[in-house]
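Peer 1: Pasting in a structure now, in structure tokens, and then I'll have a few things to ask.
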Amino acid sequence: MAVVNAERQAAIILSGVWKIFGDQWRVALEDVRRHALSKQEVLEKHNCVIGVADVSLTIHRGEIFCVMGLSGSGKSTLVRHINRLLEPSEGQIEIEGVDIMSMSPDELRRFRNERIAMVFQNFALMPHRSVLDNVAMPLEIRGVNKNRRLEAAAKSLALVELTGWGNKFAHELSGGMQQRVGLARALTADPDILLMDEPFSALDPLIRRQLQTEFMKLAATMKKTTV
């Protein structure tokens, strides 16, 4: 399912992306192509696991693109290919017109820092840093001066309705509030693309529904390409 805005320029293009985990992935991939083996057959024959199978898709700028599937079907694996946290076994990945498969490690690191942000299921907050410092971290990595990055972090906290919580630490917050901090941190970077790796799935169902609703409104307002 996808909610698409009027602008149809492609932000993300995946072409023929495969990910097979295991030492014999090359042999397994060739065998799958020749004989259309099932996931279980690949596991039994090659001791390899198919994570992503020949995925091609286009996500447009400003689109909210939802990847749906059962647990273990490869949703997180697919999302983590978009910023190359996982390397594809085969295929091409283009972000905002840039072939990220051809990037050097330094180029990829800089591209992630400037163009893509990710919100994780496990919050991934630094326990020794205040909420405000956690949110400001992406700009600290970029070398932005302290006053500017703290100002930007405060604005992001306001967007997720956590004004006044900047001096607290992660252990002082509920799970829902910690996830708001994770979202604020991603927004502080002002990315072109926001990747959401099931960020609300570990929360209480009522809190999850509330945050999902709030996030959809926020994403539509900010017009970020969101997966």
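UniProt numbering numbers the first residue of the sequence shown as 1 and each following residue consecutively. C-beta: ideal position from N, C-alpha, C; glycine also.
#1: Count the other C-beta atoms from every protein chain shown that fall within 10 angstroms of the C-beta of Ser-201, then say buried if there are 16 or more, exposed otherwise.
#2: Since I believe Thr-221 is in contact with Ile-64 (beta carbons under 8 Å), could you give me their beta-carbon distance rounded to a whole number of angstroms?
#3: Given a cut-off of 7 Å, decide if Ala-186 and Leu-173 are closer than it, judged by their beta-carbon atoms.
#4: My parser needs the beta strand (DSSP E) runs of 3 or more residues fully inside the stretch 113-176; what are they?
#5: Measuring CB to CB, does Leu-132 end up less than 7 Å from Gly-166?
#6: Among Leu-183, Arg-109, Ala-170, whose alpha-carbon lies nearest the alpha-carbon of Ala-153?
#7: Going by alpha carbons, who is nearest to Val-17 out of Lys-155, Met-101, Leu-125?
#8: Considering only C-alpha positions, which residue in the set Gln-179, Glu-198, Ala-136, Ile-93 is nearest to Lys-75?
#9: If you reduce the DSSP assignment to three classes, tell me which class Val-55 lands in.
#10: Starting from Phe-21, trace the beta strand (DSSP E) both ways and give me its first and last residue.
#11: Cα separation between Thr-58 and Val-67?
#12: Once the 5 residues before and after Met-216 are set aside, which same chain residues still bring their CB inside 6 Å of it?
#13: Relative to the C-alpha of Arg-61, which residue among Ile-95, Arg-110, Thr-188 is closest?
#14: Given Gln-9, which residues of its chain have a CB within under 8 Å of its CB, disregarding the five upstream and five downstream residues?
#15: Roughly how many angstroms lie between the CA atoms of Glu-107 and Arg-84, to the nearest whole one?
#16: Can you find the residues in the same chain that come closer than 8 Å, C-beta to C-beta, to Met-126, ignoring five residues on each side of it along the sequence?
#17: Cβ atoms of Arg-180 and Leu-162: under 7 Å apart, would you say?
Peer 2: With the structure as the only source:
#1: exposed
#2: Not really, about 12 Å apart at Cβ, beyond 8 Å.
#3: no
#4: 116-119
#5: yes
#6: Leu-183
#7: Met-101
#8: Glu-198
#9: strand
#10: 10-21
#11: 12 Å
#12: none
#13: Ile-95
#14: His-60, Arg-61
#15: 12 Å
#16: Asp-133, Asn-134, Met-137, Ala-170
#17: yes
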